[in-house]
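Heads up, the thing below is written out as structure tokens.
Numbering (full-length UniProt numbering), first residue to last: 1 to 320.
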């Protein structure tokens, strides 16, 4: 295990502030969002769809403390990009969004250093404020959206989103989930791609190595992996990059890459101040849903992403 103290290159202008939200592309956005609200303590935050003028994509946004997830589904069969993504990967993470300062400078720098810019900076606004966006390609089919607030935004989420059409009255009867913020997001890579991907973050995003570990430290009797954690200069965003290592059987990382159809987000770590209480609650409600619902097993058997709950002392992983 190696920890790094050299923060590397500091941005001449701008910075990456924090995780803003994570976007999932799924077959049924309403049902997926409902699961996280009913079973993991989230609440409906915002909505975009036909009723708001969005003719191609429906979006359901949920929140718990500082964690925000967006679930998106195509509204018609002609959406080839989303359709092909769902066929290839199933339900899963498409985009990891960062709140930034000086989006133009960050995109210009990344482009000069070889990054693929999916969408150049553009501005959206409504009566609540103005927001600048840009989209950059990272590993596999995953992207990063950079979000810069050009004025204090007073809306529920972002321009174009309205309040949810429906709030489940039963949610008020459930205990709080106890999850606070996104701790880190892990990307699994094929063999020999961990270093190139981590180097890309250092070069194009001006991140630096925070921590690394090899298969001598992370292994079971049968499975092993290697990992490099990269982070922004302020160390508020942490992105572990994993690859498989040789073991008696196929590595869990290689299994992920095989079943996901390539590299992608393996798990999202969520911080909690009381991990015992949070896990006890999840155990109770997940056992309940497995007994009573067939929809959950069908939907989430298709997603490759799992979740880890993190506190200062413990980490517990939960797969659905």
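Cβ coordinates follow ideal geometry from the N, Cα and C atoms, glycine included.
Under 8 Å between the Cβ atoms of residue 143 and residue 135?
yes
Under 8 Å between C-beta atoms of residue 32 and residue 24:
yes
Within 8 Å, strictly: CB atoms of residue 74 and residue 82:
yes
In terms of alpha-carbon separation, which member of 238, 284, 199 and 58 lies closest to residue 161?
Of 238, 284, 199 and 58, the residue nearest in Cα terms is 58.
Return the chain-ordered list of same chain residues with a C-beta closer than 8 Å to the C-beta of residue 229, the five sequence neighbours on each side being excluded.
184, 209, 210, 211, 212, 238, 239, 240 and 241
Given a threshold of 16 other Cβ atoms within 10 Å of its Cβ, counted over all protein chains shown, does residue 114 qualify as buried or as exposed?
exposed
For the alpha helix (DSSP H) that residue 172 lies in, which residues bound it at each end?
Careful: residue 172 lies outside any alpha helix (DSSP H) and carries neither H nor E.
C-beta neighbour in chain D for residue 76, strict 8 Å:
The structure shown has no chain D; it contains just one protein chain.
Sorted by chain position, which residues of the same chain lie with C-beta nearer than 8 Å to residue 126's C-beta, five sequence neighbours on each side aside?
155, 159 and 160
Quick one: grab the DSSP three-state call for residue 6.
DSSP places residue 6 in coil when its eight states are reduced to three.
Residue nearest to residue 16 in terms of C-alpha spacing, selected from 146, 34 and 90:
146
Given a cut-off of 8 Å on the beta-carbon distance, is the pair residue 27 and residue 106 in contact?
no
So who's on the other strand from residue 253, going by DSSP bridges?
According to DSSP, which records beta bridges pairwise, residue 253 is partnered with nothing at all.
Residue 236 to residue 263 span [Cα, whole Å]:
24 Å
For residue 101, which residues of its own chain have a beta-carbon under 7 Å away from its beta-carbon, when the five flanking residues on both sides are left out?
14, 15, 17 and 148
Go ahead and pull the three-state DSSP assignment for residue 272.
strand
Kindly indicate which three-state DSSP category residue 153 falls into: helix, strand or coil?
DSSP, read as helix, strand or coil, puts residue 153 in coil.
So what does DSSP say about residue 11, is it helix, strand or coil?
coil
Contact under 8 Å by Cβ, residue 20 with residue 97:
yes
I need the straight-line Cα distance from residue 244 to residue 39, nearest angstrom please.
If you draw a straight line from the Cα of residue 244 to the Cα of residue 39, it comes to about 32 Å.
Can you tell me whether residue 34 is buried or exposed, with buried defined as 16 or more other CB within 10 angstroms of its CB?
buried
Do residue 169 and residue 396 have their beta-carbon atoms positioned less than 8 Å apart in this structure?
Since the displayed the chain opens at 1 and closes at 320, residue 396 lies outside it and no answer follows.
Could you say which of 206, 153, 261 and 176 lies nearest to residue 277 if we only look at CA atoms?
That would be 176, whose Cα lies nearest to the Cα of residue 277.
Exposed unless 16 or more other CB atoms sit within 10 angstroms - verdict on residue 6:
With fewer than 16 Cβ atoms within 10 Å of its Cβ, residue 6 is classed as exposed.
For residue 323, name the three-state secondary structure that DSSP assigns.
Residue 323 is absent from the model: the chain starts at 1 and stops at 320.
Terminal residues of the continuous beta strand (DSSP E) containing residue 86?
Element bounds for residue 86: not the beta strand (DSSP E) but the alpha helix (DSSP H), 80–89.
Using only alpha-carbon positions, find the residue among 251, 180, 50 and 108 that is nearest to residue 274.
180 is the residue among 251, 180, 50 and 108 whose C-alpha sits nearest the C-alpha of residue 274.
For residue 54 and residue 282, I'd like the C-alpha separation in whole angstroms.
34 Å
Using the C-alpha atoms, what's the distance from residue 123 back to residue 37?
In this structure, the CA atom of residue 37 is about 31 Å from the CA atom of residue 123.
Look up residue 35 in the DSSP assignment and say whether it is helix, strand or coil.
helix
Neighbour-count burial assignment, residue 167, 16 or more Cβ in a 10 Å radius:
Of the other Cβ atoms in all chains shown, fewer than 16 fall within 10 Å of the Cβ of residue 167; this residue is therefore exposed.
Closer than 6 Å by C-beta to residue 9: which residues in its own chain qualify, once you throw out the five before and the five after it? Chain order, please.
206
Is residue 11 near the ligand FAD, judged by its Cβ being under 7 Å from some heavy atom?
This structure lacks the ligand FAD; in fact it carries no ligand of any kind.
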